[in-house]
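A.B. asks: Everything in the sequence shown is counted per this note's numbering, starting at 40 for the first residue and increasing by one. All residues carry an ideal CB built from backbone N, CA and C; glycine is no exception.
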Amino acid sequence: MTTALAELAGALLAGQRRALAKAITLAESTRPEHEQQIQHLLTLLQGRAGPSIRVGLTGVPGVGKSTFIEALGVLLAEHGHRVAVLAVDPSSARTGGSIMGDKTRMPQLTVHPNAFIRPSPSGGTLGGVARRTRETTLLCEAAGYDVILVETVGVGQSETHVAGMTDLFVLLTLPNAGDELQGIKRGIMELADICVVNKADTAPRAAIRAQTELRTALTLLTPHDALWRPVALKASAVTGEGIPELWKKVQEYISQVDIAAKRHQQTAGWFDELLREAAWREFRERTGPPRMQEVRRAVQAGDLTAVQGVEKLLSREAAQV
40 MTTALAELAG ALLAGQRRAL AKAITLAEST RPEHEQQIQH LLTLLQGRAG PSIRVGLTGV
100 PGVGKSTFIE ALGVLLAEHG HRVAVLAVDP SSARTGGSIM GDKTRMPQLT VHPNAFIRPS
160 PSGGTLGGVA RRTRETTLLC EAAGYDVILV ETVGVGQSET HVAGMTDLFV LLTLPNAGDE
220 LQGIKRGIME LADICVVNKA DTAPRAAIRA QTELRTALTL LTPHDALWRP VALKASAVTG
280 EGIPELWKKV QEYISQVDIA AKRHQQTAGW FDELLREAAW REFRERTGPP RMQEVRRAVQ
340 AGDLTAVQGV EKLLSREAAQ V
């Protein structure tokens, strides 16, 4: 198996698309042996990926995220960039698989030799990203893709995780923003580095008005990065208006912000998240479902408060240790 993983790592570093697809499938597997294999593979690839730009994109339903990403991706691919699109779709409740199929909505980018598109089911993971989006990003970078576009499932209360694994965060809105702008969670707005009014060609005057409203809203929010003031643009994925300007702003952002320091901070956050998951998994295994159900029923019945129930489980766990 070690030899097979070494061969897979070599094929990945050589930029072989089939090897990348195989590695991502391995990363998305929940089988314990596959999880061990992907971690070993990432160890083999560590420090061997080239420079890249990670861009997270989200937006209200119907804003045209896939069409926008295709327009941006084609522009970059035509200029020599190798573009990887990680399109995170809602999961099917029946099969657990992706139910929207973003590749069918990016026909030009799908067939471009400089592009790789991977739709992944969210698997119920909060934050608008798939369970293994971080690992998948590292695999794409190892395969030589220098621009990683992460499309989330859409704006919601938990759509902020993508900002914790990308270099910058792009929020897409619609021309007739009014109520739409009110519906966007403030937490999303505070995390956005660039806001874009998409479909500007459908209602030019409304797009200008929405852009102005966004600029005003951004001035009222506390910047999350002292080195960058969020900007509001307008664009059309259909006509191509504003797409080059967006990329120029991305490049400005990359030149102004310490990306290396930001990624180090994100890695530390990733470590903390994995530690919490591992600790919770180990706690459940050691405590056992029957004991947890027993205490849960006592809390539901009012015999214990929620705090007392937690303390009861933790004290029993501490006694076992």
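How would you label Pro329, buried or exposed, when you count the other beta carbons within 10 angstroms and need 16 or more for buried?
C.D. replies: Working through the sequence shown from its first residue, we reach residue 329 at position 290. Exposed, since its Cβ has fewer than 16 Cβ neighbours within 10 Å.
A.B. asks: Give the C-beta separation of Val122 and Val186 to the nearest angstrom, bearing in mind that I take them to be a contact with Cβ-Cβ under 8 Å.
C.D. replies: Mapped onto the sequence shown, residue 122 falls at position 83. Mapped onto the sequence shown, residue 186 falls at position 147. Yes, Val122 and Val186 are in contact; Cβ-Cβ is about 5 Å, under 8 Å.
A.B. asks: I'd like to check one pair, Leu188 with Val124: are the Cβ atoms closer than 8 Å?
C.D. replies: Translated into the one-based positions of the sequence shown, residue 124 becomes position 85. Translated into the one-based positions of the sequence shown, residue 188 becomes position 149. In this structure, Leu188 lies closer than 8 Å to Val124 by Cβ.
A.B. asks: Check whether the stretch 224–238 and the stretch 278–289 are in contact - that is, three or more C-beta pairs closer than 8 Å.
C.D. replies: Short answer: they touch.
A.B. asks: Is Glu190 helix, strand or coil when you go by DSSP?
C.D. replies: Within the sequence shown, residue 190 is the residue found at index 151, counting from 1. Three-state DSSP puts Glu190 in a strand.
A.B. asks: Would you tell me roughly how many angstroms separate the C-alpha atoms of Arg173 and Asn153, rounded to the nearest one?
C.D. replies: Here residue 173 refers to the residue found at position 134 of the sequence shown. Here residue 153 refers to the residue found at position 114 of the sequence shown. C-alpha separation (whole angstroms): 21 Å.
A.B. asks: Within 10 angstroms of the Cβ of Ser275, are there 16 or more other Cβ atoms? Answer buried if so, exposed if not.
C.D. replies: In the sequence shown, residue 275 corresponds to position 236, counting from 1. Looking at its Cβ environment, which holds 16 or more other Cβ atoms inside 10 Å, Ser275 is buried.
A.B. asks: Buried or exposed: Glu190, going by 16 or more other Cβ atoms within 10 Å of its Cβ?
C.D. replies: For the purposes of this step, residue 190 is taken as the residue at position 151 of the sequence shown. Glu190 is buried by the Cβ-count criterion.
A.B. asks: Please confirm if Ser68 has its CB atom under 8 Å from at least one CB of chain B.
C.D. replies: In summary, chain B is missing from the structure at hand, where a single protein chain is found.
A.B. asks: Based on the DSSP secondary-structure assignment, which residues constitute the bridge partners of Gly95?
C.D. replies: Position 56 of the sequence shown holds residue 95. Paired residue(s): Val189, Phe208.
A.B. asks: Locate the beta strand (DSSP E) running through Lys273, then write down its first and last residues.
C.D. replies: Here the question's residue 273 lines up with position 234 in the sequence shown. Taken as a continuous stretch (DSSP letters only), the beta strand (DSSP E) holding Lys273 covers 270–273.
A.B. asks: Going by DSSP in three states, Ala265 sits in which element: helix, strand or coil?
C.D. replies: The count along the sequence shown starts at 1 and reaches residue 265 at position 226. In this structure, Ala265 counts as coil in the three-state DSSP scheme.
A.B. asks: Going by C-alpha distance, which of Gln339, Gly101, Asp232 is nearest Ala256?
C.D. replies: As a working mapping, residue 256 is identified with position 217 in the sequence shown. Ranking the options by Cα distance to Ala256, first place goes to Asp232.
A.B. asks: Would you give the residue range spanned by the beta strand (DSSP E) that Val201 belongs to?
C.D. replies: In the sequence shown, residue 201 corresponds to position 162, counting from 1. Here Val201 belongs to no beta strand (DSSP E), and DSSP marks it neither H nor E.
A.B. asks: Using alpha carbons as the reference points, say which of Ala307, Glu117, Gln332, Gln290 lies closest to His151.
C.D. replies: The residue labelled residue 151 in the question sits at position 112 within the sequence shown. Checked all of Ala307, Glu117, Gln332, Gln290; the closest Cα to His151 is Glu117.
A.B. asks: If we ignore side chains and look at the alpha-carbon of each, how far apart do Gly341 and Phe322 end up?
C.D. replies: Reading the sequence shown from its first residue, position 302 is the one you call residue 341. Reading the sequence shown from its first residue, position 283 is the one you call residue 322. So the two alpha carbons sit approximately 24 Å from each other.
A.B. asks: When you compare only the Cα positions, how much space is there between Leu260 and Lys287?
C.D. replies: Here residue 260 refers to the residue found at position 221 of the sequence shown. Here residue 287 refers to the residue found at position 248 of the sequence shown. Whole-angstrom Cα-Cα distance: 23 Å.
A.B. asks: Can you tell me whether DSSP reads Arg157 as helix, strand or coil?
C.D. replies: Stepping through the sequence shown from its first residue, residue 157 is reached at position 118. If DSSP states are grouped into helix, strand and coil, Arg157 belongs with the strands.
A.B. asks: DSSP on Ala126, reduced to helix/strand/coil?
C.D. replies: Stepping through the sequence shown from its first residue, residue 126 is reached at position 87. Residue state, collapsed to three classes: strand.
A.B. asks: Spell out the partners DSSP gives Ile108 in its beta bridges.
C.D. replies: Residue numbering aside, residue 108 sits at position 69 when the sequence shown is read from its first letter. Answer by DSSP bridge pairing: none, since Ile108 is not bridged.
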